[in-house]
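Enquirer: Going line by line, the protein sequences match chains F and X.
Residues in the first sequence are numbered consecutively from 26, following my numbering.
Residues in the second sequence are numbered consecutively from 11, following my numbering.
Just so you know, even glycine gets a beta-carbon here, dropped at the ideal spot from N, CA and C.
Please see the structure below; I have some questions.
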Amino acid sequence: MSEFEPQILAFCCHYCAYAAADLAGTFRAQYPTNVRIIRVPCSGKVDPLHIMQAFESGADGVLVAGCLEGGCHFQEGNLRAKRRVAHVSQILDEIGIEPDRLRMVNLSSAMGQAFANTITQFTEQIRKLGPSPVTNSVFMEKTK
Amino acid sequence: MIVASRKNIQELKELLTPYQRIAILGCGTCVTVCLAGGEREAGMAASALRMTYRLDGVQKDIRDLTIERQCDDAFIDEAWKSLDEADAILSLACGAGVQAIAERFPNKPVFPGVDTQFIGILEEQGIWTEKCIACGQCRIGPFGGICPVTRCAKHLLNGPCGGSDDGKCEVNPDADCAWQLIYDRLKAIGEEYRLTEIAPLPDWSLSNEGGCRKIIREDQRI
């Protein structure tokens, strides 16, 4: 059996985390290839429904990356995202999915190395948790 | 507006377990505004239920749709076909909407997807408070625009109970004392004299205590 490779979706704010990912690439910082990045205009634009659909579509982990607190381009989009992520975490818990599979992080556009470290650390965390119970269910096994 | 709050996913799961094709029906009016049962919440509930059943290895056909108003037959018509195809309907409307759907589909199980709480207002983003218990004889006027029937925990109409502490209710210290608010407001508008008038006892038979109410307007009937 091949080693489990998590599929992680990262919603990255255009003004910070996405630029940090770009910077990480520019200076060739290494981080796992398990992450798929979706650029959003602000972490506050990430709808709770987007996160739910990510898990339903097979994501093992979801990261919402916004600006440092106090540094949001739209003033408080990242603070709203933080509260929404907490809300979705509670719903995940009710469903039976480990809330640790969802995380909100705050970065600035200058934090290329921190972005790489965050992705590395989160990937390891999801790897330890194993495949999402949604994708690992009997039903999904049958349809694979 | 009518304010509701969402139900726990496991509670919904237990309600819907016997059914295969499930329609989750959002309502585009009050419960959309209070973020409990609108289009987004219907999508969230559908997604959450599909996932929680999958964890048990069960695949169900769970779809969501939202209509403008569930307490209005004309809008139910728009979704009639989709709803009729389902084995069960989970209505995310207030209690009135759920019952309107149940009356329209007499042979189909219909379940409430939210807990209807009260008639209230948005106090600030994310905070809703009760303002009206629909007692059937509104007398807010003499009380400076503040309803003692709803906002005083003891429904007192002739002055405070004496238990308020620093302007807060002794029954619920998080709530303002309605009579403190009434006094402050009447003073601000120069109508304290209203406090010397004796308010007659309420006729509770006009409220829900007198049974389910009905309004018939002959001038509006067709």
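1. Just checking: is the beta-carbon of residue 74(F) within a distance shorter than 8 Å of some beta-carbon in chain X?
2. Please decide whether residue 36(F) counts as near chain X, where near means a Cβ-Cβ distance under 8 Å.
3. Are residue 73(X) and residue 56(X) close, meaning C-beta to C-beta below 8 Å?
4. Which value, in whole angstroms, describes the spacing of the CA atoms of residue 176(X) and residue 54(F)?
5. Here's the rule I'm using: 16 or more other beta-carbon atoms within 10 Å means buried, otherwise exposed. How should residue 103(F) be labelled?
6. Quick check for students: name the residue ranges of the beta strand (DSSP E) that lie wholly in the region 16-84 of chain X, counting only runs of 3 or more.
7. Along the chain, where does the alpha helix (DSSP H) that runs through residue 113(X) open and close?
8. With DSSP as the reference, identify every bridge partner of residue 101(X), one or two as the case may be.
9. Quick check: is the beta carbon of residue 30(F) nearer than 8 Å to any beta carbon in chain X?
10. Check the Cβ-Cβ distances between residue 116(F) and every residue of chain X, and say whether any is below 8 Å.
11. Closest to residue 31(X) by CA distance: which of 107(X), 20(X), 71(X) and 147(X) is it?
12. At a CB distance below 8 Å, what residues from the region 59-90 of chain F approach chain X? Give them in sequence order.
13. When DSSP labels each residue in this structure, what does residue 127(X) get in the three-state scheme?
14. Cβ atoms of residue 156(F) and residue 29(F): under 8 Å apart, would you say?
15. Could you spell out the range, first to last residue, of the alpha helix (DSSP H) harbouring residue 110(F)?
Expert: On the basis of the coordinates in this document:
1. The residue given as residue 74(F) occupies position 49 in the first sequence. Yes, residue 74(F) lies at the interface with chain X (some Cβ there is under 8 Å from its Cβ).
2. What you label residue 36(F) is simply residue 11 of the first sequence in a count that begins at 1. So, not an interface residue.
3. The residue you call residue 73(X) lines up with position 63 of the second sequence. The residue you call residue 56(X) lines up with position 46 of the second sequence. Yes, Cβ-Cβ distance for residue 73(X) and residue 56(X) is below 8 Å.
4. Numbered from its first residue, the second sequence carries residue 176(X) at position 166. Numbered from its first residue, the first sequence carries residue 54(F) at position 29. If I take the Cα positions, the gap works out to 59 Å.
5. Locating residue 103(F) in the first sequence gives position 78, counting from the first residue. Buried.
6. 31-37 and 71-77
7. As a position in the second sequence, residue 113(X) is number 103, starting the count at 1. Here the alpha helix (DSSP H) through residue 113(X) covers 105-114.
8. To locate residue 101(X), count along the second sequence from 1; it is residue 91. Paired residue(s): 35(X) and 122(X).
9. Here residue 30(F) corresponds to residue number 5 of the first sequence, with the count starting at 1. No, no contact with chain X.
10. Taking the first residue of the first sequence as position 1, residue 116(F) is located at position 91. Judged by the 8 Å Cβ criterion, residue 116(F) is in contact with chain X.
11. Residue 31(X) sits at position 21 when you count from the first residue of the second sequence. Residue 31(X) has its Cα closest to that of 71(X), out of 107(X), 20(X), 71(X) and 147(X).
12. 72, 73, 74, 77, 78, 80 and 81
13. By 1-based counting over the second sequence, the position of residue 127(X) is 117. Of the three classes helix, strand and coil, the one that applies to residue 127(X) here is strand, per DSSP.
14. In the first sequence, counting from the first residue as 1, residue 29(F) sits at position 4. In the first sequence, counting from the first residue as 1, residue 156(F) sits at position 131. Yes, the pair counts as a contact, with Cβ atoms nearer than the cut-off.
15. For this step, residue 110(F) is matched to residue 85 along the first sequence. Run containing residue 110(F): 102-120, per the alpha helix (DSSP H) assignment.
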